[in-house]
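All residue numbers for the first sequence refer to our numbering, where the first residue is 217 and numbers rise by one. To start, the structure itself, in structure tokens.
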Amino acid sequence: MLLKLYRINFLSNYPKMSTCVKGKLSYPKDQLNLDLTLLGGQSFRWEKHTNDKKEEKWQGVAFECFWELHQTPSTIKYKVFSNKKHPDEYFTKLLEKYLRLDFDLSGNCEKWKRAHRHFAETSQALKAVRVLDQEPLETILSFICSQNNHIKRISTMVQWLCSKYGSKICSYEGVDYFSFPSLSSLCDHQNELESALREAKFGYRAKFIAGSVKKINESGGNDWFQKLRSLSFKEARVELVTLPGIGFKVADCICLMALNHLESVPIDTHIYKIAQASYLPRLSGIKSVTPKIYEEVAEHFRKIYGDYAGWAQAVLFCSGLQRFQETKGKFVDKTNVCVPAKKQKKK
DNA sequence: CACGGCCCTGCTCC
DNA sequence: AGGAGCAGGGCCG
Numbered sequence: 217m218l219l220k221l222y223r224i225n226f227l228s229n230y231p232k233m234s235t236c237v238k239g240k241l242s243y244p245k246d247q248l249n250l251d252l253t254l255l256g257g258q259s260f261r262w263e264k265h266t267n268d269k270k271e272e273k274w275q276g277v278a279f280e281c282f283w284e285l286h287q288t289p290s291t292i293k294y295k296v297f298s299n300k301k302h303p304d305e306y307f308t309k310l311l312e313k314y315l316r317l318d319f320d321l322s323g324n325c326e327k328w329k330r331a332h333r334h335f336a337e338t339s340q341a342l343k344a345v346r347v348l349d350q351e352p353l354e355t356i357l358s359f360i361c362s363q364n365n366h367i368k369r370i371s372t373m374v375q376w377l378c379s380k381y382g383s384k385i386c387s388y389e390g391v392d393y394f395s396f397p398s399l400s401s402l403c404d405h406q407n408e409l410e411s412a413l414r415e416a417k418f419g420y421r422a423k424f425i426a427g428s429v430k431k432i433n434e435s436g437g438n439d440w441f442q443k444l445r446s447l448s449f450k451e452a453r454v455e456l457v458t459l460p461g462i463g464f465k466v467a468d469c470i471c472l473m474a475l476n477h478l479e480s481v482p483i484d485t486h487i488y489k490i491a492q493a494s495y496l497p498r499l500s501g502i503k504s505v506t507p508k509i510y511e512e513v514a515e516h517f518r519k520i521y522g523d524y525a526g527w528a529q530a531v532l533f534c535s536g537l538q539r540f541q542e543t544k545g546k547f548v549d550k551t552n553v554c555v556p557a558k559k560q561k562k563k
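Listed below in structure tokens is the structure:
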């Protein structure tokens with residue numbers, strides 16, 4: 217045990233010293249559900265741990281920092297490791313920005329409840345999911361991985377990218393944590409990138425990622441991301457869909473979660489089913505979501521829920537997800553008759 | 001322009 | 001046991 221501690225300290229202090237900062241901010245728990253927000257499919261870099269005393273903590277990497285979060289009814293306490301020196305308040309501000317704590321969730325939920333009956337019915341108990349404000353490159357590559365895929369495998373793939381091309385932030389409790397790779401780091405391996413990804417079981421997404429990295433670099437990298445933030449939502453989306461592997465749905469996820477375009481409403485299969493059942497019954501016979509149908513649904517949500525329609529969608533999505541799990545794969549919207557979950561037995 | 005077939009992998013189901 | 005079916009899409013014909 218002593219030896220182990222010594223090793224960890226030795227490794228993490230040398231050759232590069234990563235500093236640990238502790239901090240705390242006040243925020244009511246009922247306005248921030250960390251499970252839904254961090255583990256619900258926006259980011260793929262967080263894990264929750266519960267010890268035998270049933271104390272919960274969330275660990276993850278964002279903005280080149282490793283974070284450990286604890287939540288009390290009125291506060292969030294954090295530990296953060298970073299390779300770069302910053303004044304302590306930098307981290308508090310960063311965390312507030314990442315979680316968009318300035319957004320009045322309960323106020324907006326009241327508006328959304330008045331805007332449509334379905335919202336009022338589905339979210340009686342507030343699903344306090346917050347839309348994260350994430351880094352564009354990480355969000356783009358992660359959501360390219362998300363197609364035809366589920367959270368668990370996406371997380372594995374993103375983790376692979378980080379440990380292969382990212383840089384080590386710290387070693388904590390015996391685990392190494394890596395930042396998401398920078399654009400330049402990925403470009404340095406441009407020639408081998410696709411084949412390396414293939415080998416790492418990225419499947420057909422390997423080509424998309426390599427191609428997108430190349431194109432992002434040619435477009436100006438971080439300057440291009442800044443430009444996309446300053447453009448209107450739809451202008452930004454037009455630009456994004458020129459990247460290989462990015463269609464409307466993934467582009468909308470990026471706009472919403474990394475480019476500050478909160479009116480963006482990603483229409484995935486879950487949301488489409490909700491739309492068919494409770495918003496646009498006309499679509500109930502139509503299976504394939506063509507670009508035209510996609511836009512119709514998205515515009516419909518924007519019309520109802522306004523400038524922050526994407527956030528309203530996130531809340532609806534979480535409500536749907538929960539029911540999805542409860543019914544063991546059979547998606548059942550509340551407006552339909554609820555099919556009882558199959559009895560599971562078997563060891 | 002709408003549609004179906006296909007794409008990689010890994011897991012679950014039967 | 002081992003093949004079908006599917007998972008928070010996109011591309012191509």
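Backbone N, C-alpha and C define an ideal beta-carbon position, used for all residues, glycine too.
Point to revise | Where Q247 sits in the DSSP three-state scheme | key: Note: Q247 maps to helix in three-state DSSP.
Review point. First and last residue of the alpha helix (DSSP H) that includes Y510?
Key: Counting along the chain, the alpha helix (DSSP H) containing Y510 begins and ends at P507 to Y521.
Point to revise | 9 Å Cβ cutoff met for S259 and S358 | key: Result yes, Cβ atoms of S259 and S358 sit closer than 9 Å.
Review point. For V237 versus K329, is the C-beta spacing smaller than 9 Å?
Key: It is not a contact, given that the beta carbons lie outside the stated cut-off.
Practice item. Buried or exposed for G257, please, with buried defined as at least 16 other CB atoms from any protein chain shown within 10 angstroms of its CB. Key: Classification of G257: buried, given that the 10 Å Cβ count is 16 or more.
Practice item. Round the Cβ separation of L499 and I490 to the nearest angstrom and send it over; I've been treating them as touching at under 8 Å. Key: The beta carbons of L499 and I490 sit about 11 Å from each other, so the pair does not count as a contact at 8 Å.
Practice item. Please list, in chain order, all residues of the same chain as F297 whose beta carbon is under 6 Å from its beta carbon, the five residues on each side excluded. Key: Excluding positions up to five away in sequence, the list reads S234, C236, F282, I385 and C386.
Practice item. Quick one: give me the first and last residue of the alpha helix (DSSP H) that Q350 is part of. Key: Looking at the DSSP string, Q350 is not in any alpha helix (DSSP H), and its letter there is neither H nor E.
Check your understanding: Can K240 and K293 be called in contact, C-beta distance under 9 Å?
Key -> Remark: C-beta atoms of K240 and K293 approach each other more closely than 9 Å.
Exercise for review: Decide if V481 is buried, meaning its Cβ has at least 16 other Cβ atoms within 10 Å, or exposed.
Suggested key: Around the Cβ of V481, a 10 Å sphere holds 16 or more other Cβ atoms; the residue is buried.
**Study point:** Classification of H265 by the beta-carbon crowding that lies within 10 angstroms, buried from 16 upward
**Key:** Exposed, since its Cβ has fewer than 16 Cβ neighbours within 10 Å.
Practice item. Taking I520 and A331 to be in contact with their CB atoms under 8 Å, please state how far apart those CB atoms are, rounded to whole angstroms. Key: The C-beta distance from I520 to A331 rounds to 5 Å, short enough to fall under 8 Å.
**Study point:** Three-state secondary structure (DSSP) of I292
**Key:** Here DSSP, grouped into helix, strand and coil, assigns I292 to strand.
Review point. By DSSP, does E272 sit in helix, in strand, or in coil?
Key: If DSSP states are grouped into helix, strand and coil, E272 belongs with the strands.
Practice item. Look at the alpha carbon of Q363 and the alpha carbon of G463, and state the distance between them as a whole number of angstroms. Key: Straight-line Cα distance between these residues: approximately 10 Å.
Check your understanding: Is the CB-CB distance between L315 and T372 below 9 Å?
Key -> In terms of Cβ geometry, L315 and T372 do not form a close pair [threshold 9 Å].
Point to revise | Helix, strand or coil at Y388 according to DSSP, with G and I counted as helix | key: Strand.
Check your understanding: Quick check: the segment 347-361 against the segment 425-435, are there 3 or more CB pairs under 8 Å?
Key -> Short answer: they touch.
Practice item. Out of Q529, D320 and E351, point me to the one whose CA is closest to N438's CA. Key: Nearest to N438 by C-alpha distance, out of Q529, D320 and E351, is E351.
Point to revise | Sequence-distant residues of its chain with Cβ nearer than 7 Å to H477 (five each side left out) | key: The beta carbon of H477 sits closer than 7 Å to the beta carbons of F449, A452 and C471 from its chain, once the five residues preceding and following it are set aside; these are given in chain order.
Review point. Any idea what DSSP makes of E263, helix, strand or coil?
Key: Assigned with DSSP and collapsed to three states, E263 falls in strand.
Practice item. Closer than 7 Å by C-beta to D310: which residues in its own chain qualify, once you throw out the five before and the five after it? Chain order, please. Key: Correcting the residue type first, residue 310 is Leu in the shown sequence and not Asp. Excluding positions up to five away in sequence, the list reads F279.
Point to revise | Assumed close pair A528, F335 - CB separation to whole angstroms, cut-off 8 Å | key: Between A528 and F335, the beta carbon gap of about 7 Å places them in contact (Cβ cut-off 8 Å).
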